[in-house]
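Its first residue numbered 20, the sequence shown is counted upward by one per residue in the working numbering.
Read the structure below first, then the notes.
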Amino acid sequence: MEEVIKVPKREGGIMSLNPWQEAVTNLEAVAKQIGLDKNLLETIEKPDRVLEFKLMIKRDDGSYSIFDGFRSQHNNACGPYKGGIRFHPRVTKEEVMALSLWMTLKCAVVGVPYGGGKGGVIVDPHKLSLTELEKLSRAYVRAVAPIIGPDKDVPAPDVNTNAQIMAWMVDEYSHLKGELSLATFTGKPIEMGGSQGRTEATGRGGVDVLNSLAKYYNLSPQETTVAIQGFGNVGSWFADFAAQEGYKVVAVSDSRGTIYNSQGLDIEEVIKVKKEKGSVTAATGEKLERDGVLSLNVDVLVPAALEGAINEADAEAVKAKYIIEMANGPTTVEAEEILLKRGVKVIPDVLANAGGVTVSYFEWVQNRQGYYWSKDEVFAKLEKIMAQAFDEMMAKVKGERLTHRQAAYANALTKIAAAVQQRLS
Ligand code: GLU
20 MEEVIKVPKR
30 EGGIMSLNPW
40 QEAVTNLEAV
50 AKQIGLDKNL
60 LETIEKPDRV
70 LEFKLMIKRD
80 DGSYSIFDGF
90 RSQHNNACGP
100 YKGGIRFHPR
110 VTKEEVMALS
120 LWMTLKCAVV
130 GVPYGGGKGG
140 VIVDPHKLSL
150 TELEKLSRAY
160 VRAVAPIIGP
170 DKDVPAPDVN
180 TNAQIMAWMV
190 DEYSHLKGEL
200 SLATFTGKPI
210 EMGGSQGRTE
220 ATGRGGVDVL
230 NSLAKYYNLS
240 PQETTVAIQG
250 FGNVGSWFAD
260 FAAQEGYKVV
270 AVSDSRGTIY
280 NSQGLDIEEV
290 IKVKKEKGSV
300 TAATGEKLER
310 DGVLSLNVDV
320 LVPAALEGAI
330 NEADAEAVKA
340 KYIIEMANGP
350 TTVEAEEILL
360 KRGVKVIPDV
370 LANAGGVTVS
380 YFEWVQNRQG
390 YYWSKDEVFA
400 KLEKIMAQAF
410 DEMMAKVKGE
420 RLTHRQAAYA
430 NALTKIAAAV
440 QQRLS
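Shown next, in the form of C-alpha cells:
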C-alpha cells in the first residue's frame with residue numbers, strides 16, 4: 020500500500036488549499052494564453068458528473084461505520100473516463116474534481132484514448148483491518164457500478180489503494196454484472212489480468228522523462244544529483260530506476276524525515292530498510308528534517324508525495340534547477356510563479372507521472388485482446404510514448420515561449436477541444 024504522507028498544518032500549506040481552484044486557475048491562464056475560445060473552455064472545464072455517496076460497513080467489533088465517497092467523471096471527449104481511486108482522510112469533493120481534470124489533461128498529453136476521472140473515499144485505511152478494507156472496497160464498487168465499465172469509466176489505484184484492492188473491486192463488479200469484466204479496472208495483480216510493469220510504471224515513466232530532460236538540457240546522469248520527496252510506490256520506483264541508470268540520488272524522504280548522502284544513497288539498501296523498519300530514515304546516511312529534502316542543493320527535485328507539497332515559502336528555498344512533478348499537483352500556483360521567476364524549470368505532473376495511466380492503457384488493451392506482453396515490451400512502448408510527449412511539450416516551449424506546464428496543457432487542450440468540436444458540430 021502507498022504511504023500516507025502526513026503534512027502538518029502550516030501557512031499556505033495543503034490545509035489551506037482548494038485544489039479545484041488551483042486547477043481551474045492554471046487551466047484558465049493557459050487557455051487564455053493559447054487563445055482557446057472561452058465558450059469552448061466552458062465545455063471542458065467543469066466535470067461532466069460528480070457522484071457523491073455514503074458507504075457503510077460493519078466493523079470487526081460489530082459496530083457500523085459510514086464513509087463519504089466520490090467519483091468525478093470529468094470529460095470523455097477522447098475516450099472513457101479514466102483515473103484512480105484514493106483512500107485518504109483528507110479527500111474532499113473539490114480535490115477529487117481537480118484530480119479528475121488533471122487526468123483528462125494527462126491522458127491527452129500522452130495521447131492515450133481516454134478522458135479523465137477520479138474517485139476518493141474520506142478514510143484513513145491504516146485504521147481498518149484487512150477485512151474492513153475489503154468491505155469498503157466492495158461497497159465503493161456497488162456505489163459506482165452503474166456508471167463504470169470498460170467503455171464508460173475505468174478506475175485504477177491511487178494514493179493508498181493497490182493491486183489487491185483492484186482485485187476485490189473486479190471481483191465485486193464481475194459478480195454484479197454476472198460476467199468477468201477485467202477491463203473495467205486497471206492496476207490489477209498480474210494473476211488477475213494485470214499488466215507486467217504496471218506497479219513500476221509511474222516511476223519508470225518518470226525516469227523516461229528524466230532521461231529526456233537530461234538529453235535536452237545536456238545533463239550527464241553521473242553528474243546529476245536528484246532528491247526525492249516521498250518514498251511510496253512512485254518515489255521508490257523512481258529512485259530505483261534513476262539509480263540504476265547512473266543518476267546520483269542523494270536524498271529521499273518520507274513522513275518521518277530525510278536521509279541524505281552527497282555521494283549518492285544506496286537505493287537498494289534504502290528500499291530494504293523502508294520495508295523492514297517502516298522508514299527511510301533508518302538507512303545509512305545523514306538524517307535531516309522531513310521538509311529538508313525540498314531545499315537541498317541538487318540538480319533535480321522530485322516531489323512524489325501529495326498535492327500542495329511545495330508552497331510559496333518552500334519555493335523561495337528550493338535550490339534545484341529542475342522539478343519533476345511525480346505527485347499530482349505538488350506545486351501551488353503561487354509557488355510556481357516564484358520558481359519560474361527564479362529560473363527553475365518545472366516539468367508538470369500531467370506529463371511527468373503519466374507513465375501510470377499509460378501502462379493502465381496497455382493493461383486495458385491486453386485485457387481486451389486476451390494477449391499479454393512482456394515487461395520489456397511494456398517498458399519499450401512506454402518509453403516511446405513518454406519521449407514523444409516530452410518532445411511535443413518542448414516544441415511548444417521553444418516555439419511559443421510557454422512554460423513547460425503551459426506547453427503540456429496547450430497540447431492537451433488542443434486535442435480535447437478538437438474532439439469536443441468534432442462531437443458537437
Ligand atoms: N492514479 C494514477 C494517476 O494519477 C493512475 C491512474 C490510472 O492508471 O488510471 O495517474
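Every residue gets a Cβ at the ideal spot worked out from N, C-alpha and C, and that includes glycine.
In the assembly as shown, Thr303 is an exposed residue. Its beta-carbon has fewer than 16 other beta-carbons within 10 Å.
Taking C-alpha positions only, Pro240 is separated from Ser255 by approximately 18 Å. For Asn372, the distance from the CB to the nearest heavy atom of the ligand GLU is below 7 Å.
Annotated three-state conformation of Asp170 is coil, per DSSP. Contact between the region 122 to 130 and the region 141 to 151 is absent: fewer than three C-beta pairs spanning the two stretches fall below 8 Å. Secondary structure at Asp87: strand, using DSSP grouped into helix, strand and coil. Exposed is the label assigned to Ala399, since fewer than 16 other Cβ atoms lie within 10 Å of its Cβ. Apart from the 5 residues on each side of it in sequence, Glu288 sits with its Cβ closer than 8 Å to the Cβ of Ala302, Thr303 in its chain, given in chain order. Following the DSSP letters along the chain, one finds His145 in no alpha helix (DSSP H), marked with neither H nor E.
Assignment of Glu219 by DSSP, reduced to helix, strand and coil, places it in the coil class. In this structure, the ligand GLU has a non-hydrogen atom nearer than 7 Å to the beta-carbon of Gly103.
Only residues of its own chain outside the window of five on either side were considered, and among them Asn430 have a CB closer than 7 Å to the CB of Glu411, listed in chain order. Taking 8 Å as the cut-off, the beta carbon of Pro174 is found no closer than this to the beta carbon of Tyr133.
Taking 7 Å as the cut-off, the C-beta of Val369 does not count as close to any heavy atom of the ligand GLU.
Per DSSP, Gln282 lies in no alpha helix (DSSP H) and is assigned neither H nor E. Scanning its chain for C-beta atoms nearer than 6 Å, with the 5 sequence neighbours on each side dropped, one finds around Ala220 the residues Gly374, Gly375, Val378, in chain order. In this model, Asn252 and Ser444 are separated by some 43 Å (Cα to Cα). Here DSSP, grouped into helix, strand and coil, assigns Tyr390 to coil. Thr123: not part of any beta strand (DSSP E); member of the alpha helix (DSSP H) spanning 112 to 129, first to last residue.
The closest heavy atom of the ligand GLU lies 7 Å or more from the beta carbon of Val189. Taking C-beta atoms under 8 Å as the contact rule, Asp318 and Tyr341 qualify, at a distance of about 6 Å. In the three-state scheme derived from DSSP, where H, G and I count as helix and E and B as strand, Val439 is classed as helix.
Secondary structure of Thr303 (DSSP, three-state): coil. Exclusion of the five residues before and after Tyr159 leaves Leu74, Gly88, Ile104, Gly138, Val140, Met188 as the residues of its chain whose Cβ lies within less than 8 Å of its Cβ.
Here Leu199 has Ser193 as same chain residues with Cβ atoms under 6 Å from its own Cβ, once five neighbours each way along the sequence are excluded.
Taking C-beta atoms as the reference points, Gly213 and Ala261 fail to come closer than 8 Å. For Ile343, the three-state secondary structure derived from DSSP is strand.
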